[in-house]
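Enquirer: For what it's worth, our numbering labels the leading residue of the sequence shown as 71, then goes sequentially. Below is a structure I'd like to ask you about.
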Amino acid sequence: MSTDCHSSQEQDEPEANVFFHAKDLYLEQPFVDPPSLTIKKQPDTTSFRPELTSLLSSLSGDGVLVMLPTENEDKAEVLKGVVPSGFDARFEVVKSKSDVGEQPYNRAGIQGAMNRIKNALEIFVTDSSPLGSAQAFCQLHNIGRILVMAIENYITGTDISYEGDLNPDLLDLIPVDDSDAIVSEKGWTLDSPVDFGFACLYDTSRDMVFTAHSRGVRIPFVKTESGDIDFVAYAKSKGYIDGNRNHGAQTVGKAIKALVRPAQGRNYSISANWHGDVTGWIVTRYDLLKEAVAKVQDEAIKAGVFQANQTA
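Right under this line is the structure:
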């Protein structure tokens, strides 16, 4: 049973008006097998391909730079896990956006990870990152290869119309984080929603991508006398961005946080780690992300990505 809640920076304050309790989220069969997807997609580097090509052609050192497109320290530690023990690599954080909203659904999750890689690379190679000149940085630190690693949680399910009325008292408790979000007049939800962890490693020298999914965790419905509480429907009611219903403006986790009191005696953020409550703390969100990262590491090792002094 996992006790790793990654709570040092993510912890919820108790909500005064919550309607439900963490025990209401528990499912006896919470897990779903990873999706069997063949992902051929790669980060789109077209807009900065000349700069990237120029930088890569200038690299001559033995060092390996691993870029981490996140400022979340817990996620950064998970991302670092892609590098095998004993392999010498330099890790650098280059914050970048997913461009798929706060809550990605379906293929938007995979796209979000690709976007983080693409955006981080563009920021770096165009000398727009806090690291300064990419070429000077690589020369200073003897960099010969550049890898970029991203992770993303996303929710899958068939998009269906929501039949019924959402409780206005519950709706008022869920914040609106994006004032530009488009709110549909028609209610939407997902059939059989499942949250997966997704990991993606991009080897710029080889122009190769390694991807993997974790097991999925089902999103529960809380039963009440007036009907089931559909957290996805409540999250989707807060709108979406870019005209795409798969780019949710509010996370399902924040909908859960607004309506569910966290378990007593556990120091964690229910908005980020409701997975623990659903699974009876068999796993946490970060355990699932680590599963996906470990699979990516295995594939990258087989492909020789982590061989010392490798050249393209």
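The beta carbon of each residue, even a glycine, is placed where N, CA and C say it ideally should be.
#1: When you compare only the Cα positions, how much space is there between T115 and Y304?
#2: For I213, count neighbouring Cβ atoms within 10 angstroms of its own Cβ and tell me buried if that reaches 16, exposed if not.
#3: Label D132 either buried or exposed according to how many other C-beta atoms from any shown protein chain fall within 10 Å of its C-beta, with 16 as the threshold for buried.
#4: Would you report the Cα separation of F101 and K145, rounded to the nearest angstrom?
#5: Excluding five sequence neighbours on each side, which residues of the same chain lie with their C-beta closer than 6 Å to the C-beta of K165?
#6: According to the neighbour-count rule (16 or more other Cβ atoms, all chains shown, within 10 Å of its Cβ), is A206 buried or exposed?
#7: Tell me the DSSP bridge mates of T281?
#8: Can you look up P104 in the DSSP assignment and give me helix, strand or coil?
#9: If you draw a straight line from the C-alpha of N337 to the C-alpha of F89, how long is it?
#10: With 16 as the cutoff for other CB atoms within 10 Å, does V253 come out buried or exposed?
#11: Determine, using beta-carbon pairs with one atom in the region 342-352 and one in the region 187-200, whether at least three such pairs fall under 8 Å.
#12: Among P174, S284, D368, which has the Cα closest to the Cα of T354?
#13: Between the C-alpha atoms of V218 and V170, what's the straight-line distance to the nearest angstrom?
#14: Using the three-state DSSP reduction, which class does Q209 fall into: helix, strand or coil?
#15: In whole angstroms, what is the alpha-carbon distance linking R276 and R215?
Expert: Looking at the coordinates:
#1: Numbered from its first residue, the sequence shown carries residue 115 at position 45. Numbered from its first residue, the sequence shown carries residue 304 at position 234. Each residue's Cα considered, the two are about 36 Å apart.
#2: On the sequence shown, position 143 is the one that residue 213 refers to. Label assigned to I213: buried.
#3: Locating residue 132 in the sequence shown gives position 62, where the first residue counts as 1. That one is exposed.
#4: What you label residue 101 is simply residue 31 of the sequence shown in a count that begins at 1. What you label residue 145 is simply residue 75 of the sequence shown in a count that begins at 1. Using only the alpha carbons, I get a separation of about 22 Å.
#5: As a first step, residue 165 must be located in the sequence shown, where it is residue number 95. If we look at K165 and ignore the five residues flanking it on each side, its Cβ neighbours are E141.
#6: Looking up residue 206 in the sequence shown gives position 136. A206 comes out exposed.
#7: As a first step, residue 281 is located in the sequence shown; it is residue number 211 there, counting from the start. Looking at the DSSP assignment, T281 forms a beta bridge with C270.
#8: By one-based count along the sequence shown, residue 104 stands at place 34. Look at P104 here: in three-state DSSP terms it is coil, with no helix or strand label.
#9: For the purposes of this step, residue 337 is identified with residue 267 of the sequence shown, where counting begins at 1. For the purposes of this step, residue 89 is identified with residue 19 of the sequence shown, where counting begins at 1. Looking at the two C-alpha atoms, the distance is approximately 20 Å.
#10: Locating residue 253 in the sequence shown gives position 183, where the first residue counts as 1. Burial call: exposed.
#11: Judged by pairs of C-beta atoms under 8 Å, the region 342-352 does not touch the region 187-200, as fewer than three such pairs exist.
#12: Position 284 of the sequence shown, counted from the start, is the residue given in the question as residue 354. Taking only the C-alpha atoms, the option nearest T354 is S284.
#13: As a position in the sequence shown, residue 218 is number 148, starting the count at 1. As a position in the sequence shown, residue 170 is number 100, starting the count at 1. Answer to the nearest angstrom: the Cα atoms are 19 Å apart.
#14: For the purposes of this step, residue 209 is taken as the residue at position 139 of the sequence shown. Helix, per DSSP.
#15: By one-based count along the sequence shown, residue 276 stands at place 206. By one-based count along the sequence shown, residue 215 stands at place 145. About 10 Å.
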